[in-house]
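Since the structure comes first, as structure tokens, the remarks are kept for the end.
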Amino acid sequence: MQSISVPTIVVLTISCTLARDVKLNQQWNLWKEAHNKHYSNAEEHLRRAIWENNLKIVEQHNVQADLGIHTYWLGMNKYADLGVDEFVKILDGFNSKMQEQRRQSYQTFTSDPNVELPDTVDWRKKGDVVPVKNQGQCGACWAFSAVGSIESAYAIKTGKLVSLSEQQLVDCSGTYGNMGCNGGLMDQAFEYVIGVGGIETEDSYPYEAIDKRCVFNTSKVVVKVCGFIDIRSKDEAALQQAVATIGPISVAIDASHSSFQLYKRGGMYFSSLLISYYHFTRFV
Numbered sequence: 425m426q427s428i429s430v431p432t433i434v435v436l437t438i439s440c441t442l443a444r445d446v447k448l449n450q451q452w453n454l455w456k457e458a459h460n461k462h463y464s465n466a467e468e469h470l471r472r473a474i475w476e477n478n479l480k481i482v483e484q485h486n487v488q489a490d491l492g493i494h495t496y497w498l499g500m501n502k503y504a505d506l507g508v509d510e511f512v513k514i515l516d517g518f519n520s521k522m523q524e525q526r527r528q529s530y531q532t533f534t535s536d537p538n539v540e541l542p543d544t545v546d547w548r549k550k551g552d553v554v555p556v557k558n559q560g561q562c563g564a565c566w567a568f569s570a571v572g573s574i575e576s577a578y579a580i581k582t583g584k585l586v587s588l589s590e591q592q593l594v595d596c597s598g599t600y601g602n603m604g605c606n607g608g609l610m611d612q613a614f615e616y617v618i619g620v621g622g623i624e625t626e627d628s629y630p631y632e633a634i635d636k637r638c639v640f641n642t643s644k645v646v647v648k649v650c651g652f653i654d655i656r657s658k659d660e661a662a663l664q665q666a667v668a669t670i671g672p673i674s675v676a677i678d679a680s681h682s683s684f685q686l687y688k689r690g691g692m693y694f695s696s697l698l699i700s701y702y703h704f705t706r707f708v
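For what it's worth, my numbering labels the leading residue of the sequence shown as 425, then goes sequentially.
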């Protein structure tokens, strides 16, 4: 059994008509098949209209990306039939009142200007990041962010990459202030794992994307956490150093834009509109 210290940052409305462009029928049908989409007749009209609107956004953005105006490209992924507000509701695990009511402040990480940092870091290439998971229709991004950081910290320390249980946090950390699929905070997730003595694997306590009765089994614990530290919001120097010298970091980001919803590939994702925290993830 290994103990690890995990750093973290705690930090539909759509206008469209229901008229359809018949020239897009084949593309629409192929997209539905690719993403296993099925609708009632009434819903199909709405989803098609939103999809066509998003297709215009993707095409216009990618023309600009090809010209070098943007550093990333968009695509018609499985969220392309959703308005931005709907997309945010799926991802949103951030509860502002919960953030304001946090029971205590925590030790803060500060950057050291004398530390020389590499130009790039990608912990995935080192084999220390579990493949991307899907939170489904459950606002448990806080649990995925926290668990992901624990997984990577454990891998960096032991050389063993193990997928851990988000469902345990969803079901069992309510007494630490989290609200399952209705939101939570990574700090409170780490507090819970410390308090109960560890976390199970994904295999022993699999994710189901719903709130369920807690069935945590202490005999199945595989990783313990001994502590964590925060990084001040918007302190990019500290974040850069923490990612480079410690490992993947839990972060809060603004995911309330179509450019995030429809992101496909490319360099650094950036939007001048980023103003609020709606989604928890990790920097790796």
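Note that CB positions come from ideal geometry on N, CA and C, so glycine has one too.
For N606, the three-state DSSP class (helix, strand or coil): Looking up residue 606 in the sequence shown gives position 182. Three-state DSSP puts N606 in a strand.
Separation of N641 from Q685, as counted between CA atoms: Indexing the sequence shown from 1 puts residue 685 at position 261. Indexing the sequence shown from 1 puts residue 641 at position 217. Roughly 37 Å separates the two Cα atoms.
Those residues which DSSP pairs with V769 across a bridge: Given a span of 425 to 708 for the chain in the structure shown, any question on residue 769 remains unanswerable.
Other residues of its chain near I618: CB distance less than 6 Å, five sequence neighbours each side excluded: Mapped onto the sequence shown, residue 618 falls at position 194. Apart from the 5 residues on each side of it in sequence, I618 sits with its Cβ closer than 6 Å to the Cβ of V649 in its chain, given in chain order.
For Q592 and Y629, the rounded distance between their alpha carbons: Taking the sequence shown and counting its residues from 1, one reaches residue 629 at position 205. Taking the sequence shown and counting its residues from 1, one reaches residue 592 at position 168. C-alpha of Y629 to C-alpha of Q592: approximately 7 Å in a straight line.
Of the listed residues H485, A666 and H681, nearest to P537 (C-alpha basis): Here residue 537 is taken as the residue at index 113 of the sequence shown, counted from 1. With distances taken between Cα atoms, P537 lies closest to A666.
Span separating the alpha-carbon of E632 from that of S683: Stepping through the sequence shown from its first residue, residue 632 is reached at position 208. Stepping through the sequence shown from its first residue, residue 683 is reached at position 259. Between E632 and S683, the C-alpha separation is close to 28 Å.
Separation of V645 from V620, as counted between CA atoms: Taking the sequence shown and counting its residues from 1, one reaches residue 620 at position 196. Taking the sequence shown and counting its residues from 1, one reaches residue 645 at position 221. Approximately 10 Å between the Cα atoms of the pair.
Cβ neighbour criterion (16 or more within 10 Å) applied to G551: Residue numbering aside, residue 551 sits at position 127 when the sequence shown is read from its first letter. With fewer than 16 Cβ atoms within 10 Å of its Cβ, G551 is classed as exposed.
Continuous beta strand (DSSP E) stretch holding R689: start and end: Position 265 of the sequence shown, counted from the first residue, corresponds to residue 689. Where R689 is concerned, the enclosing beta strand (DSSP E) stretches over Y687 to G690.
Beta-carbon proximity list for A489, same chain, < 6 Å, skipping 5 on both sides: Within the sequence shown, residue 489 is the residue found at index 65, counting from 1. Leaving aside the five residues that flank A489 on each side, the residues in its chain whose CB is nearer than 6 Å to its CB run, in chain order, W497.
With 16 other Cβ atoms within 10 Å as the buried cut-off, status of I493: Residue numbering aside, residue 493 sits at position 69 when the sequence shown is read from its first letter. Looking at its Cβ environment, which holds fewer than 16 other Cβ atoms inside 10 Å, I493 is exposed.
DSSP state of W497 mapped onto helix, strand, coil: Numbered from 1 along the sequence shown, position 73 holds the residue referred to as residue 497. The answer is strand: DSSP assigns W497 an E or B state.
Coarse secondary structure for T625, derived from DSSP in three states: Locating residue 625 in the sequence shown gives position 201, where the first residue counts as 1. Strand, per DSSP.
Range covered by the alpha helix (DSSP H) that runs through Y578: Locating residue 578 in the sequence shown gives position 154, where the first residue counts as 1. C565 to T582 is the extent of the alpha helix (DSSP H) around Y578.
Closer than 8 Å to chain C by CB, P672: Protein chain content of the structure displayed is limited to a single chain, and chain C is not contained in it.
Pick from V586, A504 and W566 that is closest to A473, judged by C-alpha positions: Locating residue 473 in the sequence shown gives position 49, counting from the first residue. Between A473 and the set V586, A504 and W566, the nearest pair of CA atoms involves A504.
Buried or exposed (CB count within 10 angstroms, at least 16 for buried), F704: Position 280 of the sequence shown, counting from 1, holds the residue named residue 704. Buried.
Residue range of the unbroken alpha helix (DSSP H) whose run includes N641: Along the sequence shown, read from residue 1 onward, the residue named residue 641 stands at position 217. Per DSSP, N641 lies in no alpha helix (DSSP H) and is assigned neither H nor E.
Cut-off 7 Å between Cβ atoms - residues of its own chain near V482, not counting five sequence neighbours on either side: As a position in the sequence shown, residue 482 is number 58, starting the count at 1. Hits under 7 Å: L498, G499, M500 and L686.
At least 3 beta-carbon pairs within less than 8 Å: the stretch 455-463 vs the stretch 658-677: No: the two stretches stay apart, fewer than three of their Cβ pairs being nearer than 8 Å.
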